[in-house]
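Below: one structure, written as C-alpha cells.
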Amino acid sequence: MVSLADLFGYAFLVPLLMVLSFVIVGLAGTRLKRFEWGGWLAVGFAGAALVVGVLIAAAELMDPSRYTNVQFTWFHLPAAPGVFPNGFSLVAGTLVDPISALMLLVVTVVGFLVMLYSIGYMHHDHGLPRYYAELSLFLAAMSGLVIANNLFEFFLFWELVGVCSYFLIGFYYEKPSASSAAKEAFLVTRVGDVMFLLGIFIYFYYYATTGPSGGWAANGFVFVRGTTPFLAGAMGGQSTVLTVAGIMILGGAAGKSAQFPLHVWLPDAMEGPTTVSALIHAATMVAAGVYLLAVTSLFIGFTSTDQLAIVAVGGFTTFFAATMAVVHPDIKRVIAYSTISQLGYMVLAVGAGFAMVGLFHLFTHAFFKALLFLAAGSVIHAVGTQDLFKMGGLRKSMRVTAAAFAIGGLALAGIPPFAGFWSKDDVLSAVYSQLPSHPAYWPFFVLAVAAVFLTAYYIFRAWFLAFSGDKPRDPTLPHAHEGPWVMQVPLVVLSAFAVGAGLFIFWPNFQGLLLHGAGAAGIPPVYGPADLALSATSVFLGVAGIGLAWALWGHGKVFVLADSSPVQPLRRLLLNRYYFKVGFDWIGAKGVYTVARAADFVDRFVIDGTVHGFERMFAELSDRLRRIQTGVVSDYAAYVVAGLIAVFVLLLFVAPYLVAKFGGG
Amino acid sequence: MDVASFAGPFLPEILLLAGTLLVFLLDVVRVRRNEVVGAVTVLGMALALLFVLADLGFAPIAGLATISSGGIDTVPSGTPLYAVTSLGLVFQAIFLLAGLLVALASLSRPSRERGAPIFFGLLSLATLGMLLVAIASDLIFLLLSIEITSIATYLLVAYTRRDARSMEAAMKMYIIGALSTTLSFFGASLLYGAYGTTNLYAIRAVAGTGGYPVLVLLGYGFLIVGLAFKATLVPFHAWAVDVYDGAPTDVTAFLAGGSKKVGLFAFFLVFLGPVLLARTAPSGGPFTNGAVALGPVLQVTLSVLAVVTMTVGNVLALLQKEMKRMLAYSSISQAGYMLIGVAIGTAPALAGATLQMFAHVFMKGAAFLLVAGVAAWGVGPLIEDWRGLGTRRPLTAVAFALMLLSLAGVPLTIGFVSKFVLFSAAVQAQGYFVWLAVAGLLNSALSVFYYARVLKVIFFEAPAPRSEPLGVVAGASEPEVLPAGGFGYGRATAIALAVIVIVAVGVYPQPVLGAIQAAAQQFVSLGP
C-alpha cells in the first residue's frame, strides 16, 4: 500500500524542482515573454515543490516519531593512519524529521506565495528572467539546507543561500545603494560563515572518531538522532573545545540571523525588491541561522556556557532591535528591525534549551512576517514611497492591505488568538521555567518581556501612520489602489495563517511534532499559574503598546517630539541606529561594534588588500615570467638543459641534504 | 598456444591497430570523407574501450569484484615486456576516452576538408601507443611506446600542412621531444648499468632499498627530465604553450586531455618502485654505499617539481589574454597536482592523481574542443572576444562554465572530488606532504582568479559590437547558420558527454572513485 510516508525518501524533490526551475528559467527565460519572462514557470515549479513539502509535513504530522534518513555516500576515503584513522566519508542525504518537516512546510508555503506575489509586484521591472531564476535557486538552497542530513551538506547550502542573497539584495544593481547593501550583507554574514566553518573544523578535528561504527568522520558527519545530543557524552559537563565550537556556531548563526553585533546588514538589505525582503525575513536566509542553532542543540549539543551566550545574544537583540524600530520613518525598515527582534526571541528559546519552542515561533513568525512585508509591498506598489510620514488614510482605498497589515500587526504584537501570541508566550514561559536553575538568564528575560511592549507600539505606530486619517500627508502621492489578484491572494492566505497558525499548538499531532522534535531536551513548558500570569503580563504589555500608539498616532495624528524634550537625544540615537553605521568613533570602544567594525576592516582592507596585493604581485611576476616564453626553440632547448642541471642539483645535493636533516616523508 | 590466448590480453590494442590500418587503407582507395574515416576511428576506439572495460570486469558499472579480488593483478613472472594491471587498464580507459572525445568532435569538421584520413589515422596510432604505455612492464618497452605516441602527435600537430603556425609548433615539439627522448634512453641505459635489468617490476624489487650509487641517481635524473617533457612539468614546459596554441585546437585537446598523461603514468611506473620501498623497507639491500635512502630523495625532488609546476603554471595563466594560452598554462599547473600523487606514493594519493587525470580529460580536453567550436563561429582568440556569450549562446556558455568551475574545484563537479581525494591523501600521509596539500590549496585559490575572470567576461560583460551576428562564419560568402547549436552533432555530443561526466561523477563519484581506489591499491600492493 502506498502511504504518504513513502514520500520521505523523495524529500530531495523539493530542492530538485527549484533547481530545475532555476536552470530552465535561467536558460530560456528571455524567450518566455508570454509566461511573464519565466515567472509563471517558476510559480509552477514552486507550486509542485509546495505540494511535496506540504505532503511531507502532513505525513510527518500523522506520525511525528519518524526520523527518515535517506543517504548515499558521496565519496569515501579508505581508512589510513593519520587524522581520520577510520576513513572519511562525505555523504549526501535527506533527513525528514519533525524539525525539517516543519521548516520545509514554512519554506515551501512562503516561497510559493512570494513567487506568486512577484508576478504582480515585479511586473514593471527589467531583468525578470534573472529575478525568477535567482529566486528559484534561493528556494532550492534553503530547502536543501533544511533537509540536509549532515554538517558538510548543510554548509554547502548555507553558502549557496548567502550567494543567492547577494544577487537578490543587489537585484537593482544599477542603484549604488543596492549593490553596496548586497556587498555589506555578503561581507557581514561572511564573518559569521568563517566562524561557522571554524566550528565545523573543530568538530571534524576533535570528534572525528566519536560516535558509532568508526566515528563521525567515517559516517560522513550525519546528524544522529539520540535521546541526548550527539556530543553530550564528550561534553563531560564543560569542555573548552566544545564551548569554543559552540561559540563559533553561534557566530555563524548570528551572521545569518542578523543578531547583535552582526545585525547591521539586515536593515540595509531592504534595498532589494520587497518580495526578496519578505522571503529573506520570513522563510529563508534569516531563518537559517536559527535553524542551525536548533539543529546543533538537538543533534550535536551545546555546553552550558554556550547556552548562556546564546541566551544573552538573543535576549539583548530582542530589545535592542525593537528600540530602533520605534522611531524609524521607513515602513520596510520598521519591519526589518522587528525581524531582528523576533529572531532574538527564537535564539533566546533555543539557547535556553527549547529548540522546538524557538522553531514554533519561527513557524508562526514566518507567516505573519511575510504577511507584513507583502502588505508593505502592496502599499509601496500603490504609493511609490516607503516614507510613513508621507502616507496616511490608505485604509479607505486599500481595504485588503489595511486588514492584512493589521492582522500581521496583531500577530506580531502577541494579541490572542493571533499566531504570534501563542509562540511568543511559549518562548517567554520556556525561558521563565529555566530562571530558577539559571539565574544568569534574568536580565535577558526582562529585556525580552520589555520588548513585547515596544513591539506592539512600533508596529501599530506604522499602521496608524500609513492607514489611519483621511488622506495622505503628502498630497503629491498617486492615488492608491489595490494590486492585482496575484498580489491579493497571498495576502489573504497569509492572513489566514497569521490568525490560525498559533492555534496549531492545540492540535495533538502538532504538539507531538514539537515533542518528538525536541527529543528528551527542550519539551515545551507545561502551563501552570505562573505561566498564566506571564501570559497576562505580556498581553497587557501588548495592549498597552497598541494603546500608546493609538494615543500618539491614531486618527492620522502626527506626534511631534518637542526639540527641547529631554528624550530628544535618545530619539536621535535610535534614529541613527546607535550610530552603528554613522561612525563608531562616537561611541568609541563601547559595545562590540568595534569588533564588528574590526572584522569588517579586516575583511575589506587586510584580506581584500592582501588578496589584491597578491594579485598584483602575481601579475607582475607573471609579466616577468612571460618574457621567458620567447618562442625560439633553441631557448627552449636551453631551458631543458638548465632544468636538467637543476634536477641534478636537487637530486644530488639538496634532496639528500634535506632528507638527512629532516628525514623522509 | 592458440591464437585466442595470445590475443586475449591485447584485444583492445589489436582492435585499435585494425582501425588505424583500415583508415590508412581507405585513404589508399580514395575514401577520404571526414564522416567515413571518422566513423571508423570512433568505432575502433569505442570497441577497444568496451574490451578494456570488460577486462576491468565492467567496474565501476558492475561493481568492483574483479579489481578488489585482484583477478588480473599478478606479478609478472620472469621479465616479460608487458603486464596487465587494473590501474593500467584504468589508464587505457582514460586514454581511449580522450581519443574518443576528440574523434567524436572531429566528426563535425567539414566533410570535404583535406587530411581527414591522416588526422584520424594518426589519432588512432597515438592512442595505440598510449595503450601500450599503460601495459608496459619494461623500461625500454615503455620508452618505445611513448615514442610511438610522440611521433604520431608531432605529425598530428602539423597535419594540415598549410598553417605556418602549426608547422612551427610541430617543429618545436619535435626538436625538444627528440632531445627529451635521448635523455630518457640515456637514463634507462644508466639504470640498466646499475640494476642489470630493464624490467620495471624487477627494478621495483630492489630499487630504493638502502643507499644508492650516483649512477642510479643520474639514471633517474635523466628519466625525470625526459618524462617531464611529456608531462609538461616546469621548466620543461615551454614547448607546450606554443604547441597548444599553434596546433589545430582539436589536436590540442588530444595533447592536453590525452597524450600528456602518458608522461604522468610513466612517472607512476618508473618512480613508484623506489618511492614505495622507501616507505616499507628503509634499509638493507644491494646498494649500501650511500648514507641516504633513494626513495625519499626522489620524493623530495618530485615534490619540488610538483609545487614549482603548479605555481608557475597558475601564475602564468593569470595574465594570459588568449583563451587557448590560458587553458594551456592551466593544463601545465594541473600536471603539478597530478605529480603530487607519485611524490607521495600511497594508494590514496595515486587514486587521487588518477582521478584528477580522468577528470582532466573531460574538463580540459572538452574545454579545448569547445574553444575550437566557438572559434569556428568566428569568435576571436582573445578572452574578451567571448564577451556576452552567456546571453547569445547560453547552453555553450553554461557548458564552458561547468568545465572551468570543475577545473577550479567547485563542489558538485568532478574537479572538486579529485582535488579533495588528492589533497586529503597528502594530509593523511603527514610529514612534509601536508605542505603539498597546502600548496595545492593555495594554487587552487589562485586559479579561481583567472577562471572567474573568464566567467565574468562571458556572463556579465556586454557583447562586443560586431558587424555580423553570431552563428555566422565570418568571411563566409553566404551566411550559413551552423546546425545543432552551431557545433555540429559530433562536437555537441562530445561536449555534452563531458559535461554529463563532470556533473554526474561530481554528484555521485563513488563508483568511479571506488574502482580507481581499488585499482590503485592493487597497483601499490603488487609486491616483488
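Residue numbers (our numbering), protein chains in the order written: chain A, 1 to 665; chain B, 1 to 528.
Quick reminder that beta carbons are idealized off the backbone N, C-alpha and C, glycines included.
From a predicted model like this one, the values you see are computed outputs, not experimental measurements.
* Could you tell me whether any Cβ in chain A is nearer than 7 Å to the Cβ of A281/B? => Sequence index remark: in the second sequence, residue 281/B carries index 281 (1-based). Bear in mind that a pLDDT of 42 at A281/B, under 50, signals an unreliable position, so the number given afterwards is only what the model happens to contain. A281/B has a beta carbon lying at 7 Å or more from every beta carbon in chain A.
* To do: Would you list, in chain order, the members of the region 59–78 of chain A that have their beta-carbon closer than 8 Å to a beta-carbon of chain B?
  => Hits within the stretch, in order: F72, T73, W74, F75, H76, L77 and P78.
* For chain B, find out if any of its Cβ atoms is closer than 7 Å to the Cβ of A655/A; answer yes or no. => To locate residue 655/A, count along the first sequence from 1; it is residue 655. Among the residues facing chain B, A655/A is included, as its CB has a counterpart in that chain under 7 Å away.
* Touching or not, the region 202–212 of chain A and the region 263–270 of chain A, by the rule of three or more beta carbon pairs under 8 Å? -> No, because fewer than three Cβ pairs between the region 202–212 of chain A and the region 263–270 of chain A fall closer than 8 Å, the two stretches do not touch.
* Note down, in chain order, every chain A residue with its Cβ under 8 Å from the Cβ of M171/B. => As a working note, residue 171/B is residue 171 in the second sequence. Neighbours of M171/B in chain A, taken as residues whose beta carbon is under 8 Å from its own, are V633 in chain order.
* Using the beta-carbon of each residue, which ones in chain E are nearer than 7 Å to G273/B? -> Absent here is chain E; the protein component of the structure consists of chains A and B.
* Asked: Is the shortest distance between the beta-carbon of F196/A and the beta-carbons of chain B less than 7 Å?
  -> Locating residue 196/A in the first sequence gives position 196, where the first residue counts as 1. Taking Cβ atoms only, chain B never reaches closer than 7 Å to F196/A, which makes this a no.
* Asked: Who are the neighbours of V659/A on chain B, taking C-beta pairs under 7 Å?
  -> As a first step, residue 659/A is located in the first sequence; it is residue number 659 there, counting from the start. Simply V292, P296, V297 and V300.
* Counting only runs that start and end within the region 237–281 of chain B, where is the alpha helix (DSSP H) found for 4 or more residues in a row? -> Listed in chain order, the complete alpha helix (DSSP H) runs (minimum 4 residues) inside the region 237–281 of chain B are 238–246, 249–254 and 260–280.
* To do: From the DSSP output, in three-state form, read off Y82/B for me.
  => As a first step, residue 82/B is located in the second sequence; it is residue number 82 there, counting from the start. Strand, per DSSP.
* Asked: Going along chain B, which residues have a C-beta under 8 Å from A637/A?
  -> Here residue 637/A is taken as the residue at index 637 of the first sequence, counted from 1. Near A637/A (Cβ distances below 8 Å), the residues of chain B are I175, I176 and L179.
* Quick one: any contact between the region 420–430 of chain B and the region 295–307 of chain B, if contact means 3 or more CB pairs under 8 Å? -> The answer is no - the region 295–307 of chain B does not touch the region 420–430 of chain B, with fewer than three Cβ pairs under 8 Å.
* To do: Within 10 angstroms of the Cβ of N150/A, are there 16 or more other Cβ atoms? Answer buried if so, exposed if not.
  => By one-based count along the first sequence, residue 150/A stands at place 150. Buried: at least 16 other Cβ atoms inside 10 Å.
* So, helix, strand or coil for T209/A, using DSSP? -> Position 209 of the first sequence, counting from 1, holds the residue named residue 209/A. In the structure shown, T209/A sits in coil (DSSP, three-state: anything other than H, G, I, E or B).
* Go through its chain and collect everything with a Cβ distance to G500/A's Cβ below 6 Å, but skip five positions before and after it. => Walking along the first sequence from the start, residue 500/A turns up at place 500. Hits under 6 Å: none found.
* Asked: If I147/A and L104/A are in contact, beta carbons under 8 Å, what's the gap, nearest whole angstrom?
  -> Counting from one through the first sequence, the residue named residue 147/A turns up at place 147. Counting from one through the first sequence, the residue named residue 104/A turns up at place 104. So it is a contact: roughly 6 Å between Cβ atoms.
* Would you tell me roughly how many angstroms separate the C-alpha atoms of I516/B and P129/A, rounded to the nearest one? => As a position in the second sequence, residue 516/B is number 516, starting the count at 1. As a position in the first sequence, residue 129/A is number 129, starting the count at 1. Just so you know, the alpha carbons of I516/B and P129/A end up roughly 42 Å apart.
* To do: Just list the beta strand (DSSP E) runs in the region 172–227 of chain B, keeping only unbroken ones of 3 residues or longer that don't cross its boundaries, in chain order.
  => Runs of the beta strand (DSSP E) lying entirely within the region 172–227 of chain B, each at least 3 residues long, are absent.
* According to DSSP, is D330/A helix, strand or coil? -> Here residue 330/A corresponds to residue number 330 of the first sequence, with the count starting at 1. In the three-state reduction of the DSSP assignment, D330/A falls in the strand class, which pools E and B.
* Return the residues of the region 437–468 of chain A that lie within a Cβ-Cβ distance of less than 7 Å from chain B, sorted by chain order. => For the region 437–468 of chain A, the set of residues with a beta-carbon nearer than 7 Å to any beta-carbon of chain B is empty.
* Asked: Any beta-carbon of chain A closer than 7 Å to the one on Q334/B?
  -> Translated into the one-based positions of the second sequence, residue 334/B becomes position 334. Q334/B does not count as touching chain A.
* To do: Taking only beta-carbon positions, decide if A238/B is within less than 7 Å of chain A.
  => Stepping through the second sequence from its first residue, residue 238/B is reached at position 238. It does; some Cβ of chain A falls within 7 Å.
* Span separating the alpha-carbon of L95/A from that of G39/A -> As a working note, residue 95/A is residue 95 in the first sequence. As a working note, residue 39/A is residue 39 in the first sequence. The alpha-carbon atoms of L95/A and G39/A are separated by roughly 30 Å.
* To do: Determine which residues share a DSSP beta bridge with E322/B and list them.
  => The residue given as residue 322/B occupies position 322 in the second sequence. Paired residue(s): L382/B.
* Within the chosen definition, does the region 49–66 of chain A reach the region 507–518 of chain A through at least 3 CB pairs nearer than 8 Å? -> Under the Cβ criterion (8 Å, minimum of three pairs), the region 49–66 of chain A counts as touching the region 507–518 of chain A.
* With a threshold of 16 other CB atoms inside 10 Å of the CB of Y457/A, please say whether the residue is buried or exposed. => Sequence index remark: in the first sequence, residue 457/A carries index 457 (1-based). Using a 10 angstroms sphere on the CB of Y457/A, the tally of other CB atoms reaches 16 or more, which defines it as buried.
* Asked: Leaving out the 5 sequence neighbours to the left and right, which residues in its chain are closer than 8 Å to A403/A when beta-carbon positions are compared?
  -> Here residue 403/A is taken as the residue at index 403 of the first sequence, counted from 1. Once the five neighbours on either side are set aside, the close Cβ partners of A403/A are S495.
* Tell me where the beta strand (DSSP E) around T303/A begins and ends. => As a first step, residue 303/A is located in the first sequence; it is residue number 303 there, counting from the start. No beta strand (DSSP E) holds T303/A; DSSP gives it neither H nor E.
* To do: Since I believe L215/B is in contact with G196/B (beta carbons under 8 Å), could you give me their beta-carbon distance rounded to a whole number of angstroms?
  => Looking up residue 196/B in the second sequence gives position 196. Looking up residue 215/B in the second sequence gives position 215. Their Cβ separation, rounded to whole angstroms, is 12 Å, which puts G196/B and L215/B out of contact at 8 Å.
* Can you tell me the Cα-Cα spacing of L455/B and A399/B, whole angstroms? -> Here the question's residue 455/B lines up with position 455 in the second sequence. Here the question's residue 399/B lines up with position 399 in the second sequence. Going by the C-alpha atoms only, they are around 11 Å apart.
* Asked: Which residues in chain A sit within 7 Å of I224/B, going by Cβ to Cβ distance?
  -> Position 224 of the second sequence holds residue 224/B. V647, listed in chain order.
* Quick one: list the residues of chain B neighbouring L27/A, beta-carbon separation under 9 Å, in chain order. => By one-based count along the first sequence, residue 27/A stands at place 27. At a beta-carbon threshold of 9 Å, the residues of chain B lying near L27/A are P394, L395 and V398, ordered along the chain.
* To do: Count the other C-beta atoms from every protein chain shown that fall within 10 angstroms of the C-beta of D635/A, then say buried if there are 16 or more, exposed otherwise.
  => The residue given as residue 635/A occupies position 635 in the first sequence. Counting Cβ neighbours within 10 Å, D635/A comes out exposed, since fewer than 16 surround it.
* Just to confirm, are L297/A and V350/A a CB contact at a threshold of 7 Å? -> Counting from 1 along the first sequence, the entry for residue 297/A is found at position 297. Counting from 1 along the first sequence, the entry for residue 350/A is found at position 350. In the sequence under discussion, the amino acid at residue 297/A is Ser, which differs from the Leu named in the question. Yes, the pair counts as a contact, with Cβ atoms nearer than the cut-off.
* Asked: What does S89/A pair with, by DSSP beta-bridge criteria?
  -> For the purposes of this step, residue 89/A is taken as residue 89 along the first sequence, with counting starting at 1. Beta-bridge pairing links S89/A to H76/A.
* Kindly identify the DSSP beta-bridge partner or partners of L95/A. => Start at 1 with the first residue of the first sequence, and residue 95/A comes out as number 95. DSSP output for L95/A lists N69/A as bridge partner(s).
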